[in-house]
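Q: The structure that follows is given in the form of structure tokens.
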Amino acid sequence: MADYLVIVESPAKAKTIERYLGKKYKVKASMGHIRDLPKSQMGVDVEDHYTPKYITIRGKGPVLKELKSAAKKVKKVYLAADPDREGEAIAWHLAHSLNIDENSDCRVVFNEITKDAIKDSFKHPRGINMDLVDAQQGRRILDRLVGYNISPLLWKKVKKGLSAGRVQSVAVKMIIDREREIENFEPEEYWSIDSIFAKGKETFDGYFYGIDGKKVKLSNQTEVEEVLRKLPEKMFNVDKVKKKERKRNPSLPFTTSSLQQEAARKLNFRARKTMMVAQQLYEGIDLGKKDGGITGLITYMRTDSTRLSETAKGEGREYITNKYGKEYLGQQQQKKNDEKAQDAHEAVRPTSAFRDPASLKSVLSRDQYRLYKLIWDRFIASMMAPAIMDTMTVHLGQNGVEFRANGSKIKFKGFMKVYIEGNDDNKKEEDKLLPEIEEGMQIEAQEIKPNQHFTQPPPRYTEARLVKTMEEKGIGRPSTYAPTLDTIQRRGYVTLDNKRFVPTELGEIVLQLVKEFFPEIIDLDFTVKMESDLDAVEEGQTNWVDIIDDFYKDFEKRLDKAEQEMEKIEIRDEPAGEDCEKCGHEMVIKMGRYGKFMACSNFPDCRNTKAILKEIGVPCPKCKKGNIVERKSKKRRTFYGCDQYPECDFLSWDKPIARPCPKCESTLVEKKAKKGTQIQCVSCDYKEEPQQ
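This is the structure we're talking about:
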């Protein structure tokens, strides 16, 4: 019989922790929250200091009954939910339900699920931190007051199933504002002059810099022609050669936000997927009896800190020294914490530097391995020496016209031997070498080519860009980024087109109504201040009831006004241009959870629906009758199939192209390559050079 009961959130975590603690401890899982506000009503008594009405979550009765029964059989109960606001609130609800004194030393927290961290946490139990609980309660009640008051209005005035929340409304506004910027953008003409210079058999690229030592921007063709008239000769004089050594420092270890951004760039993971896989790595993977059984591989993944423990730094330095040598050992870059950062935990890092990704590949799924490798690489690289680059700039002149050529070479790889941070433009790191050139030399221009350009509008937000911008502006917190992006897509307010957010008509309608009647909800300053106020609650500096009351007084007046003045909006379905093959009525285009689809206008008498198919201009290589169309899987992954399905079952994850393989006459497809897109055959070894 166990002496102690430990309650954690998930069963996977329970097995690991029970093994670490030994026979005197029984570990059970609450499966997340066991109490919450009711779904069927507001659940907040506005007249009585915003007192919440908590109930046992539907379906959690048996779990709670089991926990109560287990608690009666032991000397002491420890509450070991996750180490954040949400986890503290779960522990508080459990204490309330199991009649545990919240001030007793019942709470244990750990940032990683390893034997040492678990055992150490039980040496330092504490009471429940009510400041953390109140910060979570304040957010939950605030969001309930907003959502459960505005959402019914939107249901009544627009359509059922809509919602409006503080953070999600601001995220939608950011996407719509960016769309307006793109629509209103007026491109401006500008020119560049590129050149190819030759020194003997070696060639290198150059570019027009300016005239008489001053940088010059070229706005039109006339200005370009004036420059070219000053270049009657092919030979340029080397006026100056500048050589210098430049250091490049490694990136800091991951926070929640930077992990989501980098996983999107390098692994093509959505924010939700990143957090799901990270949760699996945190809770534990079975490494086999020989290597310790179920073991947590990374620290807690909801954090805004880049801090590392001394133990972690010590392990990392030892690994780097042994693997790469002392010359590769650097100092971890220190970053002053942002005022908005809570810094409650360490950065996201591996629980052991000595568990390198290669050693775990056989026990991890493909997604787990790739994400773990990303986290491990970044952690190790953050403690490595800077990379050293030799750079060279050559100034070439003729009649006062100056061209320049830049070159660089990695002299010492440093951290780049392990990891290089990605970028949103997918630019690759590579040496750009120049031949040995000295001042006074004459260099021939083999080609001088003017190019016309037009400025481009700002890009639409990818998930990574949106998360980065939300973090920079102080909107939301590490735990809210992924759920927010998921919600605005499920509500149909935005869709993803080529992995970039595009607002829908519904999203614009809802935002306009919120903007008209509840402007504070989408006001950036208000949202940032509210996050700051909730942080102040967590730090014990203010009372959550005062924050809610200060907000609700004005909000209640706006609600009354909106109820009276908000007009009913009818969203008419767009004709699809074809009739229903089942009943003959007109088909219309509707907006669903996963984007637009066709449905019969005779609904509910006829429930016929069809996907909207996008043709790619390629005949089906299998049946020769149909055409290839772009489709979406249940997980929203793009694939290609025949429009004659189910008669023809042709399917390809890679995009087919219209011409056959010149070698075997089979199907050619486009595949992503490191340097762009590569065309290759599905049946033989035929490949073409990648295209940017």
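Numbering (our numbering), first residue to last: 23 to 714.
Think of the CB as a built atom: it goes at the ideal place given N, C-alpha and C, for glycine as much as any other residue.
Threonine 78 and leucine 89: beta carbons closer than 7 Å?
A: A distance of 7 Å or more separates the beta carbons of threonine 78 and leucine 89.
Q: Enumerate in chain order the residues of its own chain whose CB-to-CB distance from leucine 351 is below 8 Å, with the five nearest sequence positions on each side excluded.
A: Arg339, Ile342, Thr343, Met405, Met406 and Ala407
Q: For alanine 285, which residues in the same chain have their Cβ closer than 6 Å to its Cβ, ignoring the five residues on either side in sequence?
A: Phe291 and Thr296
Q: Which same chain residues, not among the five before or five after serine 430, have their C-beta less than 6 Å away from its C-beta?
A: Excluding positions up to five away in sequence, the list reads Met411, Thr413 and Lys454.
Q: Do asparagine 473 and serine 214 have their C-beta atoms within less than 7 Å of each other?
A: yes
Q: Kindly list the residues whose CB is nearer than 6 Å to the CB of glutamate 443, restricted to its own chain and excluding five residues on each side of it in sequence; keep chain order.
A: Ser273
Q: Only counting the same chain, and skipping five residues up and downstream in sequence, which positions put a Cβ closer than 7 Å to that of proline 74?
A: Taken in chain order, the residues that qualify are Leu59, Gly65, Val66, Gln159 and Ile163.
Q: If I measure Cβ to Cβ from isoleucine 470 and keep anything under 6 Å in the same chain, skipping five residues before and after, which residues do I get?
A: Here the set comprises Ser217.
Q: Under a three-way DSSP split, which group does valine 28 fall into?
A: The answer is strand: DSSP assigns valine 28 an E or B state.
Q: Determine whether the beta carbon atoms of threonine 278 and arginine 324 lie at a separation below 7 Å.
A: yes
Q: Tell me methionine 411's beta-bridge partners as DSSP assigns them.
A: Arg268 and Ile432
Q: Would you report the Cα separation of alanine 584 and phenylalanine 539, rounded to the nearest angstrom?
A: Each residue's alpha carbon lies about 6 Å from the other.
Q: Taking 7 Å as the threshold (C-beta atoms), are glycine 187 and glutamate 424 in contact?
A: With respect to glycine 187, glutamate 424 sits apart: the two C-beta atoms are not nearer than 7 Å.
Q: Taking only heavy atoms of the ligand SAM into account, decide whether any of them is closer than 6 Å to the Cβ of methionine 620.
A: Among the components modelled here there is no ligand, and therefore nothing to report on the ligand SAM.
Q: If we call anything under 7 Å between Cβ atoms a contact, is serine 327 one with histidine 367?
A: yes
Q: Answer with buried or exposed for isoleucine 569, where buried requires no fewer than 16 other C-beta atoms within 10 angstroms of its C-beta.
A: buried
Q: Exposed or buried, asparagine 133, counting other C-beta atoms within 10 Å across all chains shown (16 or more means buried)?
A: buried
Q: Just to check my reading of the structure: cysteine 602 and cysteine 622 have Cβ atoms closer than 8 Å, yes? What is that Cβ distance to the nearest angstrom?
A: 4 Å
Q: Decide if asparagine 359 is buried, meaning its Cβ has at least 16 other Cβ atoms within 10 Å, or exposed.
A: Unreliable placement is indicated for asparagine 359, whose pLDDT of 47 sits below 50; the coordinate value is still reported in the next sentence. Under this definition asparagine 359 is an exposed residue.
Q: Quick one: what does DSSP say valine 299 is sitting in, helix, strand or coil?
A: Looking at valine 299 - three-state DSSP - the assignment turns out to be helix.
Q: Indicate whether isoleucine 465 and lysine 221 have their beta-carbon atoms separated by less than 7 Å.
A: Pairing isoleucine 465 with lysine 221 gives a Cβ-Cβ distance under 7 Å.
Q: List the DSSP bridge partners of tryptophan 213.
A: Leu240 and Gln474
Q: Mind reading off the beta-carbon distance from isoleucine 510 to valine 180? Whole number of angstroms is fine, and I expect it under 8 Å.
A: About 16 Å; that fails the 8 Å criterion.
Q: What residue from Trp177, Asp313 and Tyr100 has the CA that sits closest to lysine 145's CA?
A: Tyr100
Q: If valine 416 and valine 263 are in contact, beta carbons under 8 Å, what's the gap, nearest whole angstrom?
A: The Cβ separation is near 5 Å, so the contact holds.
Q: Let me know if glutamate 460 comes out buried or exposed under the rule of 16 or more other beta-carbons within 10 Å of its beta-carbon.
A: For glutamate 460, the number of other beta carbons within 10 angstroms of its own is below 16, and it is reported as exposed.
Q: Are lysine 1 and alanine 409 close, meaning C-beta to C-beta below 7 Å?
A: No information on residue 1 is available, as it lies outside the stretch 23 to 714 that the chain covers here.
Q: If we count the other Cβ atoms within 10 Å of its Cβ and call it buried at 16 or more, is glutamate 560 buried or exposed?
A: Under this definition glutamate 560 is a buried residue.
Q: CA-CA distance, glutamine 282 and arginine 487?
A: Glutamine 282 and arginine 487 have their C-alpha atoms some 10 Å from each other.
Q: Following the continuous beta strand (DSSP E) through arginine 287, name the residue where it begins and the one where it ends.
A: Not the beta strand (DSSP E): arginine 287 falls in the alpha helix (DSSP H), residues 278 to 289.
Q: Please classify tyrosine 706 as buried or exposed, where buried requires at least 16 neighbouring CB atoms within 10 angstroms.
A: Residue identity check: residue 706 is cysteine in the sequence provided, not tyrosine. The residue is exposed, with fewer than 16 neighbouring Cβ atoms inside 10 Å.
Q: Using a Cβ-Cβ cut-off of 6 Å (strictly less than) and excluding sequence neighbours within five positions of asparagine 630, which residues of its own chain qualify?
A: Cys602, Lys604 and Cys622
Q: Quick one: Cα of leucine 546 to Cα of glutamate 494, how far?
A: 12 Å
Q: Would you tell me roughly how many angstroms separate the C-alpha atoms of aspartate 365 and serine 126, rounded to the nearest one?
A: With a pLDDT of 48 at aspartate 365, under the threshold of 50, the predicted position of this residue should be treated as unreliable, though the coordinate-derived value follows. Those two C-alpha atoms are separated by around 26 Å.
Q: Is the beta carbon of leucine 43 less than 7 Å from the beta carbon of glutamate 110?
A: no
Q: In chain order, what are the residue ranges of uninterrupted alpha helix (DSSP H) at least 4 long that sit wholly in the stretch 365 to 423?
A: 379 to 382 and 388 to 404
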